[in-house]
Structures are given as C-alpha cells and as structure tokens.
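Numbering (this note's numbering), first residue to last: 15 to 732. Report on one structure; see the data block that follows.
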C-alpha cells in the first residue's frame, strides 16, 4: 500500500518561510510550522484581507523559527542585494522567494514548482507581484537570548508584552502630566474670583475667566478619555500577547516538569486575570498620578507659604498607613492564592470524576473537602478585607483631619493678614487634590501586591522547561520509515522512588508489528510514552530510524505516529472536528476513509446529523467503544508510518473488535505497529511480542513463545 506524507502542505507563504529559514540556517519542518501557526481564521472577504492574513501567519511562522521578520512595500527597482533573499507575495495568492537579480532575470524559489531555484524574466515576476516584501534575517542578539534561555525584555512573556506597548504607556504618562497641570486651574480660578473679582465686582472678567476655565475642563475631559483609551488598548494588546504565550507554554511544558494537580495549574492560570485587571484598571491611573502629589504641594507652598505644612505632614502619614499594612496583606494574599489552588483542585477533581463520585457515594467526602478549602480561603479573605478596611478608615480620617487643620491654620493666617481668603480656599482645594491619589493608597498597594503575587505564580509556571525551547535546532524528519529502538533505557517518573523501566533494550524494524504484554505496572504504557517523546529516558536512548528522539522535533515525531492512548480524550465539538483534531486541513474523503476503517461510520451513518453530530465534553453521550473508534480514526487519518495503540479495543465488544481487526490487517502492510494489549484476539495483528515485568524485558520473540512459556496475565496499565 502506498503511504502518503504525514502532513499536507501549508500555504505558499508558509512554504516560502520554510525554504528561507532553511537557507538561513534555521530549518523548520512542515509539522513544526503547522503546529506553531495559529488556528485558521475565517475566510477573508477581499484579496487585501486575505493577503494580510497570510502575511500575519507567515511572520508568526518566521518568528517561531527564530528569525526576525521585516515587512513593507517596495518598488521593484529598489529591491537591492541587501534585501535579498526575500519573500514576495503574488496577486494570484501564491508567493515566491527572490534570491538574486541577474540583469533582466531573477533567481527565485517557487514552492508550487517544487524544490530548487528557477530563473525567469524579472518583468514576468514583477507583473504579478503585490508590491509587498517580507524579509527574514537571523538576529544575533535574539539568537543569543534564545540560546541562554533569558529571552531578554522583548522575549519575556511579561516584560516583552509591556515593552511592546511602551509607547502607549509613555502617552499615558504624558496625559497624566497634562491632566494634573490642568487640575491647578480650578483652584487658581477660585482664588482669583475671591481675591480679584468679588472686591472689584468685575463681572466681565468673571465671564472671561469662566469661559477659559470651561475650555480647560473640556480639554481635561478629552485628555482623560484619551488616557483611558490608551490604557484599554495597551491592556488589550498585552492581554492577547501574554494570554497566548501562557497557553502556548502550558501546552508545551515537558510532562516530567509538570508540578501540582490540574486544578492547581488551572488556579495559577486564573491569576492571569488579576495581573491583566491591574494594568487595565483605575489602580494603574492612581499609581501614575501618585508622583504628581509633589506638584500640588509645591503649588500650595507657592500660594500659601506655611499652609503647606499641613498636607506635607498628612501625605507621609497616609503613605505610612498604606505601607504598614502591606506585610500583613502580602501574607494573606499568598495564603489566599494557595488555598484558592487547593479549592480549584477539589473542584476539577469533582467535575472530572462526577459519575464515579455519584456511583460510589463519595459526594459527602468531596463536599467536606470543598467546605474545608472554602472555609480556609474565606477566612483569609475576611482577614484581608478587615485589614484593608482599617487602612481605608485611617486614610479617610487623616484626609478629613488635614482638611480641617488647613482651614483652621489658614483662617488664623487670614486673620493675621498673611494670606487672603482666596489663597485659603485654593489651598484647601489643592490639599484635597494632593491627597486624592493617597485616598486609595491601601487598595492600590494591595492590588499591586496581588498583581506581584500573581506574577510570581505565573512566572514560576512559565519557567518550567518546554519540549521545544526557543532557539533549539532540531533534525528535520518529516517522514519516518518506522524503526524504533530502546538502548538500555532506565526511566523513573518524577516524584516516584522506583523505576518504571530498567535496562530495557529492543529493536523494532520498519514495518514490524509488535505487541507489548505484561501485568499491571509492568511498564507497557511507559514504553508508549517514551516512544511518543512525552518523557525522556533517565539513561540510555530511544531512537527512531537510528536517531535519538531528543534530536527530532516533537512535532515531526508525533506527526509520524498515529496514537490511541489508554485514556480516550475527546473535545466538545462535532464528530468531524474530533476526528480531524491535530490534522492539517484533511479532506472529507480522508476523514470518511479513516472513519470507515475505525468503525465510526457504523454509528455516524445512523445519526441524523452524521459527522456534524455534536459531542459534549470528553465525548459524553458516546459509549466507551464509540469513543475509542473516534480516537482510532484520528490516529489513522494522516496514514502515519507508525501506529501506537494502547488498549485500542478495551471498551469494544467482541463483534466490533473482530470487525476492526479485519479492517486493520490490510492497512498494516508496510507500517510499524506497536500494540499494548491484554486481549489475546488482538495478537492476530502482530508477529512478535515483547513481555515486560517490573519494568524489565523478560521475553522477546515471535508470538509463538507464548505457547512455550507462561506469561503473567497482561494488564491494562503501566
């Protein structure tokens, strides 16, 4: 049977990125490229929109390949050697890589014409060109940051997002200067009215001043609105960038580096909401306004002289209150975060195993765990609110005391003739304005600490090692022949004392069909996880076609392996979406073929919605056997060179299993099969068995050895 390539090709722009990245010494495979690209967007409504979509995806692909991308318009006559090689998008939706100009000719790479370079007249090329140019370059600084893992400010998930919006935050600062300067207008207006207008009854001057102040207030309103817009837009961009980076990192974390329960990780991810809200809320405005307290104190000193003593004493007292409660609030925030993670863990465990909880009557125990976690978190939250409220009350008291004292002291100065009544009123207004940002200092510092706690929690998650670290160079293996070998492999799961595998060695040739047998905990499923590169051996090596898996891009490896794991995983969506999950733009014919081979057609054909039938979370509504059939169809869809099936028929009846075996036999010709099973009927598909016991290979040979020696009953887990 002829085997197709594991993946279908990406669009021409992305293919050009692949070609150019290889040319620049940063090769990226199709599988890795497709995995890095964002999900397909809705079809564009115009040619320009389609081009923009394609270019955006191409730039993302280039950056994922470790390159810097520069995009712009350029006249054909101005494309010099310094810009080459470069990607030229064409009007017909294609794209080419322009390598060189030779007089009236050009040297190009056209992905639609296959590999290699082609020479054609420059006039023919540029007549169909859009006028846009995408140039890719190796950035030594970026490469160095990727190599040492620091990423720099631009590469860091948090600092990079802020740095990308630094101009917006600079504009926010400029707007803050303008609004705080304009805040002086009202107090000066009041002073002039009391000291100049009223004594002379100058109503004409009053009207002119009122118009001027009105214009200033309108301008202040406009500036504040613009400032809020800047904050929202910068927050939105940072939100999207950080959110995508965090999710990408979570997906890419090495299995052995995962710490904590799913619920704890979920609670950590929720901390992103706290971090995001901090940079899009009034708290950020209060922090920006805080330094301008000095401006108002200077204005009071300029107008009222000794009157500045009152707010000058009140300001540090208010700050002292806010700072004094921070250690207590910080400890409480850390405790609340920890208890929130425990509560989320209980919730996720309960929702995941709700059927088992109901069936076993474990609801009372889970309710008790939930109530305990809820009570602890609620207790810390109550304490935090109490401390915060105390700080708010003290701050309010100091504000009111400052207002009263400045009036009393100012009245004495007015009586003594040292200041005017207008100066007194203006100073009272300015004192209120100076203390306004400090009124929420406790809440501001509390939210700042919460944001810092959230940052530390998320940064700890983001420091976990990933499968595909930035800047890592991989061996491109788009198609594997199917050879697999273990060379004296030892492996232990993180946090466990005993070894799951010890000194395991075997070699599987391309096209060989092998079953792994053994009792529960013997290491069968661990072998499967190591073949998929989900874990790395502690010692020894796992190879594919003679190449250590640690050198092969995980995306390449897994595109070549059709996998059915022991725990069948489906997502909410249509039946078709679940079959096509992980495949790049599969055709309906390919989906139908895989569904027929796996037995999905048997129940999909009877459903009124067919392959458009909606599946709920985890595929609820389908039987266990039907879910396994969907997982098997997913594994067969891209016709991989290796099939790794871990208990693929555990939930099927004997009739369905027999039909599946009959359909799989011709498909397996020329493919490598790694089968983990405890069902004797499935051994009909294999020629060789490897028996494991306590993580060691105890037998390896043709399946006839099972008739000559006793073998422990194979289990379904390892």
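We put the CB at the ideal spot given by N, CA and C, even for glycine.
Query raised in the report: The alpha helix (DSSP H) with residue 324 in it runs from where to where?
Result: From DSSP, the alpha helix (DSSP H) with residue 324 extends over 323-338.
Query raised in the report: Are the Cβ atoms of residue 578 and residue 645 separated by less than 9 Å?
Result: Closer than 9 Å, so yes.
Query raised in the report: Sorted by chain position, which residues of the same chain lie with C-beta nearer than 6 Å to residue 29's C-beta, five sequence neighbours on each side aside?
Result: Answer for residue 29: 125, listed in chain order.
Requested in this report: Drop a sphere of 10 angstroms on the beta-carbon of residue 33, count the other beta-carbons inside from all chains shown, and report buried for 16 or more, exposed for fewer.
Outcome: It is buried - the Cβ of residue 33 has at least 16 other Cβ atoms within 10 Å.
Query raised in the report: CA-CA distance, residue 336 and residue 455?
Result: Those two C-alpha atoms are separated by around 6 Å.
**Report entry** Sub-9 Å separation of residue 146 and residue 87 beta-carbons
**Finding:** Yes.
Requested in this report: Compare the beta carbon distance of residue 391 and residue 282 with 9 Å and say whether it is the shorter of the two.
Outcome: The answer is no: Cβ separation not under 9 Å.
Query raised in the report: Are residue 516 and residue 709 closer than 9 Å when you measure CB to CB?
Result: Yes, the pair counts as a contact, with Cβ atoms nearer than the cut-off.
Query raised in the report: For residue 667, which of helix, strand or coil comes out of DSSP?
Result: In the structure shown, residue 667 adopts coil according to DSSP, grouped into three states.
Report task. Per DSSP, which residues does residue 85 bridge with? Please list them. Result -> Per DSSP, 148.
Query - Of the residues 693, 695, 90 and 688, the one placed nearest residue 702, counting alpha carbons only - result: Comparing Cα-Cα distances from residue 702 to each of 693, 695, 90 and 688, the minimum goes to 688.
Query raised in the report: Cα separation between residue 315 and residue 148?
Result: Those two C-alpha atoms are separated by around 58 Å.
Report task. Would you please state the rounded distance, in angstroms, between the beta carbons of residue 255 and residue 178? I believe it to be under 8 Å. Result -> Correct: roughly 7 Å between the Cβ atoms.
Query raised in the report: Among residues of its own chain, excluding the 5 on either side of residue 735, which ones have a beta-carbon nearer than 6 Å to its beta-carbon?
Result: Outside the displayed span of the chain (15 to 732) sits residue 735, for which this structure offers no information.
Query raised in the report: Since residue 266 and residue 549 are thought to touch, with beta carbons under 8 Å apart, how far apart are those beta carbons, to the nearest angstrom?
Result: Not confirmed; about 14 Å, so no contact.
Report task. Return the bridge partner residues of residue 656 from the DSSP annotation. Result -> Bridge pairing for residue 656: 575 and 686 [DSSP].
Query - Rounded separation between residue 661 and residue 95 - CA only - result: Each residue's alpha carbon lies about 58 Å from the other.
Query raised in the report: residue 501 bridges to which residues according to DSSP?
Result: Answer by DSSP bridge pairing, in chain order: 555.
Requested in this report: Please go through the segment 355-413 and give each complete alpha helix (DSSP H) segment of 4 or more residues, from N-terminal end onward.
Outcome: Within the segment 355-413, the complete alpha helix (DSSP H) runs of at least 4 residues are 368-374.
Requested in this report: Assign residue 716 to one of three DSSP states: helix, strand, or coil.
Outcome: Of the three classes helix, strand and coil, the one that applies to residue 716 here is strand, per DSSP.
Query - Coil, strand or helix - residue 529 by DSSP - result: Correct three-state label for residue 529: strand.
Requested in this report: Classify residue 418 as buried or exposed, calling it buried when 16 or more other Cβ atoms lie within 10 Å of its own Cβ.
Outcome: Residue burial is scored here from C-beta neighbours: residue 418 has fewer than 16 other C-beta atoms within 10 angstroms and is therefore classed as exposed.
Query raised in the report: Should residue 171 go down as buried or exposed, given a rule of 16 or more other Cβ atoms within 10 Å for buried?
Result: With 16 or more other Cβ atoms within 10 Å, it is buried.
Query raised in the report: Name the DSSP beta bridge partners of residue 217, please?
Result: Paired residues: none, contrary to the question.
Query raised in the report: Where do the N-terminal and C-terminal ends of the alpha helix (DSSP H) with residue 590 fall, by residue?
Result: Looking at the DSSP string, the run of the alpha helix (DSSP H) that includes residue 590 is 589-594.
Query raised in the report: What is the C-beta distance between residue 286 and residue 249, in whole angstroms, given that I count them as a contact (C-beta under 8 Å)?
Result: Not really, about 12 Å apart at Cβ, beyond 8 Å.
Query raised in the report: With respect to the beta strand (DSSP E) encompassing residue 519, which residues constitute its N-terminal and C-terminal limits?
Result: That run of the beta strand (DSSP E) goes 515-522.
Requested in this report: Taking residue 329 as the reference, give the member of 402, 361 and 413 with the closest Cα.
Outcome: In terms of Cα proximity to residue 329, the closest of 402, 361 and 413 is 413.
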